[in-house]
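This note's numbering applies: residue 4 is where the sequence shown begins, and numbers increase by one. Here a beta-carbon is modelled for each residue, glycine too, at the ideal position from N, C-alpha and C. Here the structure comes first, spelled out in structure tokens, and everything after it is commentary.
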Amino acid sequence: MKVSYQWLKDYVNISDYTASELAEMLTRSGIEVDMIEERNKGVSGVVVGHILDCEPHPNADKLRVCQIDVGAEAPLEIVCGAPNVAAGQKVPVAKIGAVLPGNFKIKKAKLRGVTSQGMVCSAKELGVNDKLLPKDIQEGIWVL
């Protein structure tokens, strides 16, 4: 049986213990814990962004230049190659400095002459297992 550490917090005060410490205590009390599954997979610096505008890239047929509101002073300009990206969507955005699974760090980049200040993410790029998602979400960016 799988039990969420966060779910346990709703019923028992375990805030003084890490998941590993709790697993050790449970095992010693006779309730065997086989494994601890980390859900985060090292993701940091990812926020929800609102795509304000999405225009075709001036120098590439399959790329789009998006203006995305991430709560900063000004919208971020991000180049995206996903076919399902469109204005008005709420999407996961990895800002400059973000870290994705596999220790993949997001940096400022220039794609075909246009500066990209981050990355619009798919569920797979965030480390979400495809088996947990409907088919229509498995391709392209993750529209929230």
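Worksheet item: How many Å lie between leucine 135 and asparagine 62 at the Cα?
Response: 36 Å
Worksheet item: What span of residues does the alpha helix (DSSP H) with leucine 25 cover, start to end?
Response: 22-31
Practice prompt. Could you please give the first and the last residue of the uninterrupted beta strand (DSSP E) stretch that includes glutamine 9?
Written response: No beta strand (DSSP E) contains glutamine 9, which is instead part of the alpha helix (DSSP H) from 8-12.
Worksheet entry | Sequence-distant residues of its chain with Cβ nearer than 7 Å to leucine 55 (five each side left out) | Gln70, Ile71, Asp72, Pro78 and Ala90
Worksheet item: At which residues does the beta strand (DSSP E) containing leucine 79 begin and terminate?
Response: 79-83
Worksheet item: Leaving out five residues before and five after histidine 53 in sequence, what residues of the same chain have Cβ atoms less than 6 Å from its Cβ?
Response: These residues qualify, in order along the chain: Asp72 and Lys93.
Item to complete: Using only alpha-carbon positions, find the residue among Ser119, Ser23 and Val88 that is nearest to glutamate 40.
Response: Ser23
Worksheet item: Along the chain, where does the beta strand (DSSP E) that runs through isoleucine 71 open and close?
Response: 67-72
Item to complete: Determine the closest residue to valine 49 out of Phe107, Asp139, Thr118 and Lys113, with distance taken between C-alpha atoms.
Response: Phe107
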